[in-house]
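Notes follow the structure.
2 protein chains.
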Amino acid sequence: MENKEITIYDIAKALNISPSTVSRGLSNHPAINTKTKNKILKTAHDMGYQTNKFASNLRKKTTNTIGVIIPRLDSLFMSSVIAGIEKVANNAGYNLIISQSLESEKKEKNNALTMYNSRVDGLIVSLSNGTRDYSHFKKFIDKGIPLLFFDRIAEELPSTKVVIDNFRAGYTATQHLIEQGCKKIFHITNDMHRNVYRDRFEGYKKALIDYSIAFKEELFVINDMTESAIVNYIEDEIVKKQNVPDGIFLTSDSSAAVAITTLRHHGFSIPQDIAVVGFNNDIISKVTEPPITTINYPGVEMGETVARILLNHFTGNGNLNLTNTVVLNTDLIVRKSSLKS
Amino acid sequence: MENKEITIYDIAKALNISPSTVSRGLSNHPAINTKTKNKILKTAHDMGYQTNKFASNLRKKTTNTIGVIIPRLDSLFMSSVIAGIEKVANNAGYNLIISQSLESEKKEKNNALTMYNSRVDGLIVSLSNGTRDYSHFKKFIDKGIPLLFFDRIAEELPSTKVVIDNFRAGYTATQHLIEQGCKKIFHITNDMHRNVYRDRFEGYKKALIDYSIAFKEELFVINDMTESAIVNYIEDEIVKKQNVPDGIFLTSDSSAAVAITTLRHHGFSIPQDIAVVGFNNDIISKVTEPPITTINYPGVEMGETVARILLNHFTGNGNLNLTNTVVLNTDLIVRKSSLKS
DNA sequence: AAATAAATTGCAACCGATTGCAATATCAAA
DNA sequence: TTTGATATTGCAATCGGTTGCAATTTATTT
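Those protein sequences? They're chains E and Z, same order as listed. So the first sequence is residues 27 to 367, counted in this note's numbering. So the second sequence is residues 27 to 367, counted in this note's numbering.
Shown next, in the form of structure tokens:
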């Protein structure tokens, strides 16, 4: 019969020893004699034994599952982060439950509840743009379930965070535009509720100041960065009002791509009239005409890092409370969209 | 104490009834008196009861978990499919374990093993391009674990499949190019091991024949559709050898985007010299210059469909063996990359 | 009111692994 | 050879929900 599952009781019977010994042998308990252990391991393998995780979880009160909540899956960045987390987690015998908030606070709260009910051992989150309050994470904190953030973090919460230096990236991007001779640089970004956008904005502002370019509120544009929002802004503000910049720094490649497409459609040449810098080094940045100068984001590394911190916490190596924030490096990738010279 | 978990025993004690009754009341057993049931439900809610899934799984031998193995996450199509599956599955109280094969057979086999060991109740798969044999799915079939495929399917296996009509989509795309006046249409695609590419190719061929255009092997190009493979092909075969088509049908938008970028770089105008059609309606198709004519893929619908079939099987409505293949509709989305007139 | 049928509820075993503590085996020292 | 120390192994309870079957209630019929 293929049907019957093999249990430690079967192994015990086969070897004429007790199930406790089998259990301990299987989990490498130090009190077990090496010979006995090897016999157990061999028999288990021969009989095709698989641990029943539910019995084990029930008893140990742990699930070997890590929850991941992210805004969306459909970017190279996110899928790289997931690949990084998955690699580290699977090697350690953990499974992932992944869900998308689709930038909605409500869905994020829902997802968090599902994760809680599934009793994940740890939760890794990148916040949705819509999220304003963090009450849905309280349960986790109260119950001592490790909660870590990456990229879009909750600064108010006392959790471990893995981020890039958004300030510096914003500074570098802006500085690059200035060095290309831009004097009137627009910054199109999302609202300031998320650290990533706020810090990039601060970097942008600081670069302007350092190079003695006055920062004016009207240079700085906030919207939700959807395709239509970008198109509308460009057509209404730049084209119609003839309020034309010589450089634009946008905080995503897809919005930069939309911007370039729209601007060219209205007769502007990129980068001669307007230089453009995006963010993320997503695939899209390579295939627009011209290709987009952007900031490279270390996705896989970010995923591996956040997963490793969590796992170290589980195994008792490393303390979540000690590693509060990890900052990863980024690079500016220069392509034609910004090269005036 | 926030600490202590509430169990059915606590509820039983509070109401002075037996745990069995509580269990049955909670799971809507018909034998339980409605009044009793309501009391149980109310008390459970008031006390903040949460089912312990491990105890339940242990006893019921089901995990309420569905495994999903896909090639990659980073496309709009895949993230839509996942969103669709997730929506249906979560509503029914199921969790998802998602993993990426990254187009590698080895990783896919590995992922399948992990899913098996995690005892998923069902497995949903879209095959990697590298997959040649299907032995890693045997375990599931032998053990009666439902196995469903979507998009990139294993035709040899007797599983339920959800696909689009790739033949027709290929036909439509090609027909569109022909109607634009193209006479020499290249087809750049992946190798024929996956149904999606094979069927699109057959559609392409049929359209040529129907419109009395001779199909020649040299029109038809196979490679792995990576960025470099596309660039190399175009530079070596089209540009250097001056073997220039007047239309190209590629089976992904990202490769179409790369093709357009490369061709323009070499002085061709799109669509005047060469009309281009892609596949997938990924975001990238909208931001290239010119934007790409493509086939729209019903991602969310595909995900919902495959998940719903699986869930119906679990609940006993609908029989997996009866629904063998579901075919969803696609549309041709015409954009500038193909409009010669 | 007694007898029979139908509706509810409870008992107790079970799912399979884990673990504190007691029991036994092994080995070295006296 | 006896004793005490140490290394191994086993016993039995436990985690929390589920379910076949028996027991008890309640409703219906005569």
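The beta-carbon is built from N, C-alpha and C at its ideal position, and this holds for glycine as well. Just so it is clear, the structure is predicted and the values come from calculations on it, not from any experiment.
Would you mind working out which of Z:ALA199, Z:LEU174, Z:ASN338, Z:ILE286 sits nearest Z:VAL369, comparing C-alpha positions? Because chain Z here runs from 27 to 367, residue 369 of chain Z falls outside it and cannot be looked at.
Nonlocal neighbours in the same chain, by C-beta distance under 8 Å from Z:ALA40, ignoring five residues either side: Along the second sequence, read from residue 1 onward, the residue named residue 40 of chain Z stands at position 14. Only THR69, MET73 meet the Cβ criterion.
Per DSSP, what kind of secondary structure is E:GLY93 in: helix, strand or coil? The residue given as residue 93 of chain E occupies position 67 in the first sequence. Correct three-state label for E:GLY93: strand.
List the residues of chain E that Z:VAL151 touches, going by C-beta distances under 7 Å, in chain order. Within the second sequence, numbered from 1, the residue matching residue 151 of chain Z stands at position 125. None at all; the shortest Cβ gap to chain E is about 16 Å.
Between which two residues does the alpha helix (DSSP H) holding E:ASN338 run? Position 312 of the first sequence, counted from the first residue, corresponds to residue 338 of chain E. Where E:ASN338 is concerned, the enclosing alpha helix (DSSP H) stretches over 325-341.
Go to Z:THR215, then tell me how far its beta strand (DSSP E) extends in each direction, as first and last residue. As a position in the second sequence, residue 215 of chain Z is number 189, starting the count at 1. Unbroken beta strand (DSSP E) run through Z:THR215: 211-215.
Excluding the 5 residues preceding and the 5 following Z:SER154 in the sequence, name in chain order all residues of the same chain whose CB lies nearer than 7 Å to its CB. Here residue 154 of chain Z refers to the residue found at position 128 when the second sequence is read from its first residue. Contacts found: PRO97, SER127, GLU129, SER130, GLU131, GLU134.
Please say whether Z:ASN306 and Z:THR320 have beta carbons closer to each other than 8 Å? Walking along the second sequence from the start, residue 320 of chain Z turns up at place 294. Walking along the second sequence from the start, residue 306 of chain Z turns up at place 280. In this structure, Z:ASN306 lies closer than 8 Å to Z:THR320 by Cβ.
Taking Cβ positions, are E:MET328 and E:VAL107 nearer each other than 8 Å? Mapped onto the first sequence, residue 328 of chain E falls at position 302. Mapped onto the first sequence, residue 107 of chain E falls at position 81. Cβ atoms of E:MET328 and E:VAL107: closer than 8 Å.
Quick one: residues in its chain with C-beta nearer than 6 Å to the C-beta of E:HIS292, no 5 flanking neighbours on either side, listed in chain order? As a position in the first sequence, residue 292 of chain E is number 266, starting the count at 1. Contacts found: VAL265.
Determine, using beta carbons only, whether E:PHE241 comes closer than 8 Å to chain Z. Along the first sequence, read from residue 1 onward, the residue named residue 241 of chain E stands at position 215. E:PHE241 does not count as touching chain Z.
Coil, strand or helix - E:PRO298 by DSSP: The residue you call residue 298 of chain E lines up with position 272 of the first sequence. It is Gln, not Pro, that sits at residue 298 of chain E in the sequence shown. Residue state, collapsed to three classes: coil.
My output table needs one value for E:ASN322: the three-state DSSP class, helix, strand or coil. Here residue 322 of chain E corresponds to residue number 296 of the first sequence, with the count starting at 1. Reduced to three states, the DSSP call for E:ASN322 is strand.
Which full runs of the beta strand (DSSP E) of 3+ residues lie inside the stretch 115-193 of chain Z, going along the chain? 121-126, 148-151, 173-176, 186-190
Drop a sphere of 10 angstroms on the beta-carbon of E:GLU31, count the other beta-carbons inside from all chains shown, and report buried for 16 or more, exposed for fewer. As a working mapping, residue 31 of chain E is identified with position 5 in the first sequence. Burial call: exposed.
Interface residues of the stretch 289-317 of chain E facing chain Z [CB-CB below 8 Å]: ARG290, ILE309, ILE310, LYS312, VAL313, THR314, GLU315, PRO317
Hey, is E:SER105's beta-carbon within less than 8 Å of any beta-carbon in chain Z? Here residue 105 of chain E refers to the residue found at position 79 when the first sequence is read from its first residue. So, interface residue.
If we call anything under 8 Å between Cβ atoms a contact, is Z:GLY229 one with Z:GLY196? Translated into the one-based positions of the second sequence, residue 229 of chain Z becomes position 203. Translated into the one-based positions of the second sequence, residue 196 of chain Z becomes position 170. Contact flag set, yes.
From the DSSP secondary-structure annotation, give me the bridge partner or partners of E:PHE246. For the purposes of this step, residue 246 of chain E is identified with residue 220 of the first sequence, where counting begins at 1. BP columns for E:PHE246 point to E:HIS213.
Can you give me the Cβ contacts of Z:ASP36 inside the same chain, cut-off strictly under 7 Å, excluding the 5 residues immediately before and after it? Within the second sequence, the letter at position 10 stands for residue 36 of chain Z. Excluding positions up to five away in sequence, the list reads MET73.
Is it true that the CB of Z:THR88 sits closer than 8 Å to the CB of Z:ASN121? Walking along the second sequence from the start, residue 121 of chain Z turns up at place 95. Walking along the second sequence from the start, residue 88 of chain Z turns up at place 62. Against a cut-off of 8 Å, the Cβ pair of Z:THR88 and Z:ASN121 comes out as no contact.
In terms of residues, what are the limits of the beta strand (DSSP E) holding Z:PHE275? Indexing the second sequence from 1 puts residue 275 of chain Z at position 249. Where Z:PHE275 is concerned, the enclosing beta strand (DSSP E) stretches over 273-276.
Is it a yes or a no for the stretch 209-221 of chain E touching the stretch 272-284 of chain E, going by three-plus beta-carbon pairs under 8 Å? yes
What would DSSP say about Z:ASP308, mapped onto helix, strand or coil? Locating residue 308 of chain Z in the second sequence gives position 282, counting from the first residue. Three-state DSSP puts Z:ASP308 in coil, outside helix and strand.
Considering only DSSP beta bridges, list what Z:ILE235 is partnered with. Here residue 235 of chain Z refers to the residue found at position 209 when the second sequence is read from its first residue. For Z:ILE235, which the question treats as bridged, DSSP gives no partner whatsoever.
What is the DSSP secondary structure of E:ILE359, counted as helix, strand or coil? Within the first sequence, numbered from 1, the residue matching residue 359 of chain E stands at position 333. E:ILE359 falls in the strand class under three-state DSSP.
Same chain, Cβ closer than 6 Å to E:ASP236, five either side skipped, listed in chain order: Within the first sequence, residue 236 of chain E is the residue found at index 210, counting from 1. No residues qualify anywhere along the chain.
Taking all protein chains shown into account, decide if E:VAL353 is buried (16 or more other Cβ within 10 angstroms of its Cβ) or exposed. Against the first sequence, residue 353 of chain E aligns to sequence position 327. Classification of E:VAL353: exposed, given that the 10 Å Cβ count is below 16.
Could you tell me the alpha carbon to alpha carbon distance between Z:GLY170 and E:PHE163, rounded to whole angstroms? Counted from its first residue, the second sequence places residue 170 of chain Z at position 144. Counted from its first residue, the first sequence places residue 163 of chain E at position 137. When rounded, the distance between both Cα atoms is 39 Å.
Whole angstroms is fine: what's the gap from E:ASP159's alpha carbon to Z:PHE193's? Along the first sequence, read from residue 1 onward, the residue named residue 159 of chain E stands at position 133. Along the second sequence, read from residue 1 onward, the residue named residue 193 of chain Z stands at position 167. For E:ASP159 and Z:PHE193, the distance between alpha carbons rounds to 49 Å.
So, helix, strand or coil for Z:LEU351, using DSSP? In the second sequence, the residue the question calls residue 351 of chain Z occupies position 325. It is worth fixing the name first, because residue 351 of chain Z is Thr in this sequence and not Leu. Strand, per DSSP.
Does Z:VAL270 come out as helix, strand or coil in the three-state DSSP assignment? As a position in the second sequence, residue 270 of chain Z is number 244, starting the count at 1. It is coil, neither helix nor strand.
Which same chain residues, not among the five before or five after E:ASN78, have their C-beta less than 8 Å away from its C-beta? By 1-based counting over the first sequence, the position of residue 78 of chain E is 52. Around E:ASN78: GLU31, THR33.
Straight-line Cα distance separating Z:ILE318 from E:VAL284: What you label residue 284 of chain E is simply residue 258 of the first sequence in a count that begins at 1. What you label residue 318 of chain Z is simply residue 292 of the second sequence in a count that begins at 1. Straight-line Cα distance between these residues: approximately 14 Å.
Alpha carbons only, please: which of Z:VAL94, Z:TYR259, Z:SER280 is nearest the one belonging to Z:ASN137? Residue mapping note: residue 137 of chain Z aligns to position 111 of the second sequence, counting from 1. It is Z:VAL94 whose Cα lies nearest to the Cα of Z:ASN137.
Do E:ASP357 and E:SER101 count as a contact pair if the criterion is CB distance below 8 Å? Counted from its first residue, the first sequence places residue 101 of chain E at position 75. Counted from its first residue, the first sequence places residue 357 of chain E at position 331. No; because the gap between Cβ atoms is not below 8 Å, this pair is not in contact.
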